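Structure first, commentary second.
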Amino acid sequence: MLAKRIIPCLDVRDGKVVKGVQFRNHEIIGDIVPLAEQYAKAGADELVFYDITASSDQRVVDKSWVSRIAQVIDIPFCVAGGIKSVEDAGRILEMGADKISINSPALSNPDLINELHDIYGQQCVVIGIDSFYNEANGRYDVYKFTGDESRTQQTQWHTIDWIKEVQSRGAGEIVLNCMNQDGVRKGYDIEQLKAVREVCKVPLIASGGAGAIEHFTDVFKQADVDGALAASVFHKGIIDMHELKDTLASQAIPMCIRHGR
Amino acid sequence: MAQKIVIVNTGCANISSVKFALERLGVTVDVSDNFDIIKAADKVFLPGVGSAYAAMKSINGKNLTDTIRSLEQPVLGVCLGMQLMVETSDETSSGQIDCLGLIPGHVARLQAGDLRLPHMGWNTVTPLEGNTLFKGIPADTYFYFVHSFAVPVYDKTLATCEYGQTFSAALHSNNFFGVQFHPERSGEAGAQLLTNFVEM
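Quick mapping for you: the protein sequence lines, in order, are chains A and B. By the count of the numbering used here, the first sequence reaches residue 261 at its end, each step adding exactly one. By the count of the numbering used here, the second sequence reaches residue 1200 at its end, each step adding exactly one.
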């Protein structure tokens, strides 16, 4: 049976893993390769590396860390951040990444999704979506440039429409980051994920809000997502990967419990 | 083990990850599209991701088809590389395309019912008992899959997997082996399978 996936996300800046407080004051928490290895050994099903160097400035960024990860990691990984063209994506994939995730560049140039699909195949095209719930009118809206507060802006897209659009253009997976929940660790946005699930025919990954093991249980049982992404709960040691996967498995959520632990 | 391992340079994107996985086992690997080098290898890997149409175009463009067909040493196709080993595939806009025809069989879209496609993630694999490729790998071991097309179960099936339908997770015919999953991304079980193949 296909297992549900637990996906730690690591922020990378200049080849180091960092953690930020409200997008600023990034503190280096370690070298990328040993941290990636540590998560893979702990039983992560997949890793996402979010390159925060790339999206905020225009300089040429050293991505050699992608191939250093590919050399040591024996689970799949995805690279997000700063991929704006077919050429950018090709370089990352050639260095050994399994998937690339694009967010704002897909909104600025939706044809990029079709091109990536046609050249590299649907399986490696992940679309990241930052969605915000507007309480005043009960709508979910897509935002872009969320990596930089001063540039963050609402787009004309309603989340459900954008989900349909990216699927029709060849997205292979969707990571839905629910902005209202992000960083507050009060649980995933189940209502929004349920609504998106109804129209999402490709794998759907929940992001934003994980703070406790029961949040993972809820999102898998209630929103039927294919994977759950989280960052701080793993980096800060709030949730232990083994305990998380054992607990979910004991509640009949299919988990890949591998040996070597 | 001083074996010559060659990965056929199909021009597809997962060549580095297959190469790195083999290097983690301590073997040296060449990536080549040269007839003599491929022909002289002890073991050959046929990698592939993306669409069958694009991959066959690249292989034909490099005139590799006859080279691959002439191989007599063990050859392992990985993911799309496995799908390219059979006779025909539905993965093209024009209906059906010819593949390498190393193993009888046909690739069709997965009939996943209400389940999501691509079939993406870790799923359990059940190998036929007593086969060398899966030596030391018990039934229901997890491997990592990413695909929307698959080969149905038939007499060349070496292992099965379940996703809406039962399909071939691995194939075997003569010296040709193929796996639908990604051993290079399947943790220790994947490393075990690669070791089994290299040691054949």
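We treat Cβ as the ideally placed atom computed from N, Cα and C, and that holds for glycine. Here the structure is a predicted model, which is why all the values come from computation and not from measurement.
- Item | Continuous alpha helix (DSSP H) stretch holding B:Arg1069: start and end | Taking the first residue of the second sequence as position 1, residue 1069 of chain B is located at position 69. Counted as a single uninterrupted DSSP element, the alpha helix (DSSP H) harbouring B:Arg1069 occupies residues 1065-1069.
- Beta-carbon separation of B:Gly1136 and B:Gln1192 under 8 Å? The residue given as residue 1136 of chain B occupies position 136 in the second sequence. The residue given as residue 1192 of chain B occupies position 192 in the second sequence. Result yes, Cβ atoms of B:Gly1136 and B:Gln1192 sit closer than 8 Å.
- Note down, in chain order, all residues in the region 1090-1105 of chain B with a beta-carbon under 8 Å from any beta-carbon belonging to chain A. Within the region 1090-1105 of chain B, no residue has a Cβ that lies closer than 8 Å to any Cβ of chain A.
- Query: How about A:Ser250: is its Cβ closer than 7 Å to a heavy atom in the ligand SAM?
  - Reply: This structure lacks the ligand SAM, and indeed carries no ligand of any kind.
- Rounded to the nearest angstrom, how far is the Cβ of B:Leu1102 from that of B:Phe1176, given a contact under 8 Å? By one-based count along the second sequence, residue 1102 of chain B stands at place 102. By one-based count along the second sequence, residue 1176 of chain B stands at place 176. That pair is a contact at about 5 Å.
- Task: Drop a sphere of 10 angstroms on the beta-carbon of B:Ser1094, count the other beta-carbons inside from all chains shown, and report buried for 16 or more, exposed for fewer.
- Result: As a first step, residue 1094 of chain B must be located in the second sequence, where it is residue number 94. Residue environment: B:Ser1094 is assigned as exposed (fewer than 16 neighbouring CB atoms within 10 Å of its CB, all protein chains considered).
- Message: Taking contact to mean 3 or more Cβ pairs, one atom from each stretch, closer than 8 Å, check whether the region 1028-1041 of chain B and the region 1138-1150 of chain B are in contact.
- Response: In this structure the region 1028-1041 of chain B does not touch the region 1138-1150 of chain B; the number of beta carbon pairs closer than 8 Å is below three.
- Task: Pull up the distance between the alpha-carbon of A:Leu93 and that of A:Arg68, whole angstroms please.
- Result: Taking the first residue of the first sequence as 1, we reach residue 93 of chain A at position 93. Taking the first residue of the first sequence as 1, we reach residue 68 of chain A at position 68. Roughly 13 Å between the two C-alpha positions.
- CA-to-CA distance, B:Ile1068 to B:Asp1098, given in whole angstroms: As a working note, residue 1098 of chain B is residue 98 in the second sequence. As a working note, residue 1068 of chain B is residue 68 in the second sequence. Computed Cα separation, rounded: 14 Å.
- Query: Got a sec: which bits of the region 1108-1130 of chain B sit with their beta carbon under 9 Å from any beta carbon on chain A, in order along the chain?
  - Reply: With the criterion set as a beta carbon lying under 9 Å from some beta carbon of chain A, the members of the region 1108-1130 of chain B are Leu1115, Arg1116, Leu1117, Pro1118, His1119, Met1120, Gly1121, Trp1122, Asn1123, Thr1124, in sequence order.
- Message: Quick check: is the beta carbon of B:Ser1168 nearer than 8 Å to any beta carbon in chain A?
- Response: Your numbering for residue 1168 of chain B matches position 168 in the second sequence. So, not an interface residue.
- Item | Span of the beta strand (DSSP E) around A:Leu2 | The count along the first sequence starts at 1 and reaches residue 2 of chain A at position 2. Looking at the DSSP string, A:Leu2 is not in any beta strand (DSSP E), and its letter there is neither H nor E.
- Item | B:Leu1193 at chain A interface by Cβ criterion, 8 Å | Position 193 of the second sequence, counted from the first residue, corresponds to residue 1193 of chain B. Cβ-Cβ to chain A under 8 Å: no for B:Leu1193.
- Message: By alpha-carbon positions, which one of B:Tyr1142, B:Thr1166, B:Val1086, B:Gly1061 ends up nearest to B:Gly1113?
- Response: Taking the second sequence and counting its residues from 1, the one referred to as residue 1113 of chain B is at position 113. Checking every option, the nearest Cα to that of B:Gly1113 belongs to B:Thr1166.
- What are the residues that DSSP puts in a beta bridge with B:Asn1175? For the purposes of this step, residue 1175 of chain B is taken as the residue at position 175 of the second sequence. Here B:Asn1175 is not bridged, per DSSP, to any residue.
- Assigned exposure category for A:Met1 - 16 Cβ within 10 Å defines buried: Counted from its first residue, the first sequence places residue 1 of chain A at position 1. With a threshold of 16 other beta carbon atoms within 10 Å, A:Met1 falls short and is exposed.
- chain B contact for A:Asp62 (CB, 8 Å cutoff): The residue you call residue 62 of chain A lines up with position 62 of the first sequence. Under the 8 Å criterion on CB atoms, A:Asp62 is classed as non-interfacial with respect to chain B.
- Message: Judging by CA-CA distance, which residue of A:Phe77, A:Lys63, A:Ala3 is the nearest neighbour of B:Leu1115?
- Response: Taking the second sequence and counting its residues from 1, one reaches residue 1115 of chain B at position 115. The residue with the shortest Cα to Cα distance from B:Leu1115 is A:Ala3.
- Query: Got a sec? Which residues, its chain only, sit under 7 Å from A:Gly15 by beta carbon, not counting five neighbours each side?
  - Reply: The residue labelled residue 15 of chain A in the question sits at position 15 within the first sequence. Counting only residues of its own chain and dropping the five nearest sequence neighbours on each side, A:Gly15 has a CB closer than 7 Å to the CB of Ile32, Asp62, Trp65.
- Task: Look up B:Asp1098 in the DSSP assignment and say whether it is helix, strand or coil.
- Result: Here residue 1098 of chain B refers to the residue found at position 98 when the second sequence is read from its first residue. Three-state result, B:Asp1098: strand.
- Query: Per the contact definition of three or more C-beta pairs closer than 8 Å, is the region 158-167 of chain A in contact with the region 127-134 of chain A?
  - Reply: Cβ pair count under 8 Å is three or more, so yes.
- Item | Candidates B:Gly1178, B:Phe1143, B:Ala1108, B:Thr1088: closest to B:Arg1185 by CA position | Looking up residue 1185 of chain B in the second sequence gives position 185. Selected option, being the one with the closest Cα: B:Phe1143.
- Taking Cβ positions, are B:Phe1020 and A:Gly90 nearer each other than 8 Å? Locating residue 1020 of chain B in the second sequence gives position 20, counting from the first residue. Locating residue 90 of chain A in the first sequence gives position 90, counting from the first residue. For B:Phe1020 and A:Gly90, no; Cβs fall outside 8 Å.
- Taking A:Gln222 and A:Lys194 to be in contact with their CB atoms under 8 Å, please state how far apart those CB atoms are, rounded to whole angstroms. The count along the first sequence starts at 1 and reaches residue 222 of chain A at position 222. The count along the first sequence starts at 1 and reaches residue 194 of chain A at position 194. Contact holds; Cβ gap of about 7 Å.
- Say whether chain A places a C-beta atom closer than 8 Å to the C-beta of B:Arg1185. Position 185 of the second sequence, counting from 1, holds the residue named residue 1185 of chain B. Chain A contact via Cβ: present.
- Item | Short Cβ contact (8 Å threshold) for A:Ile205 with A:Ile7 | Position 205 of the first sequence, counted from the start, is the residue given in the question as residue 205 of chain A. Position 7 of the first sequence, counted from the start, is the residue given in the question as residue 7 of chain A. Yes; because the gap between Cβ atoms is below 8 Å, this pair is in contact.
- Task: Taking only the alpha-carbon atoms, compute the straight-line gap between B:Leu1076 and A:His215 and give it to the nearest angstrom.
- Result: As a first step, residue 1076 of chain B must be located in the second sequence, where it is residue number 76. As a first step, residue 215 of chain A must be located in the first sequence, where it is residue number 215. Here the alpha carbons of A:His215 and B:Leu1076 stand approximately 41 Å from one another.
- What are the boundary residues of the alpha helix (DSSP H) that A:Val233 is part of? Position 233 of the first sequence holds residue 233 of chain A. Taken as a continuous stretch (DSSP letters only), the alpha helix (DSSP H) holding A:Val233 covers 232-235.
- Item | Bounding residues of the alpha helix (DSSP H) (the contiguous stretch that carries B:Gly1190) | Here the question's residue 1190 of chain B lines up with position 190 in the second sequence. Bounds of the alpha helix (DSSP H) holding B:Gly1190 are 1187-1198.
- Query: Could you give the residue range of the beta strand (DSSP E) that holds B:Asn1014?
  - Reply: For the purposes of this step, residue 1014 of chain B is taken as residue 14 along the second sequence, with counting starting at 1. Boundaries cannot be given for B:Asn1014, as no beta strand (DSSP E) includes it and DSSP labels it neither H nor E.
- If you drop the 5 nearest sequence neighbours on each side, which residues of the same chain put their C-beta closer than 8 Å to that of A:Pro254? Taking the first residue of the first sequence as 1, we reach residue 254 of chain A at position 254. Correct list, in chain order: Met1, Leu2, Ala3, Lys4.
- Message: Give me the chain A residues within the contact set of B:Gly1050, using Cβ-Cβ distance strictly less than 7 Å, ordered along the chain.
- Response: The residue given as residue 1050 of chain B occupies position 50 in the second sequence. Under a criterion of Cβ atoms nearer than 7 Å, the residues of chain A adjacent to B:Gly1050 are, in order, Tyr120, Gly121.
- Message: Assuming A:Ile10 and A:Leu47 are in contact, meaning their beta carbons sit under 8 Å apart, how far apart are those beta carbons, in whole angstroms?
- Response: On the first sequence, residue 10 of chain A is found 10 positions in, with the first residue counted as 1. On the first sequence, residue 47 of chain A is found 47 positions in, with the first residue counted as 1. The question names Ile, but residue 10 of chain A in the sequence shown is Leu. With a beta-carbon spacing of about 7 Å, A:Leu10 and A:Leu47 fall inside the 8 Å limit used to define contacts.
- Message: Classify A:Asp98: buried if its beta carbon has 16 or more other beta carbons within 10 angstroms, exposed otherwise.
- Response: If you number the first sequence from 1, residue 98 of chain A lands on position 98. With 16 or more Cβ atoms within 10 Å of its Cβ, A:Asp98 is classed as buried.
- Rounded to a whole number of angstroms, what is the C-alpha to C-alpha distance between B:Val1049 and B:Ala1055? Within the second sequence, residue 1049 of chain B is the residue found at index 49, counting from 1. Within the second sequence, residue 1055 of chain B is the residue found at index 55, counting from 1. Roughly 8 Å separates the two Cα atoms.
- beta strand (DSSP E) runs wholly inside the region 1038-1065 of chain B, at least 3 long, in chain order: Fully enclosed beta strand (DSSP E) runs of 3 or longer: 1043-1046.
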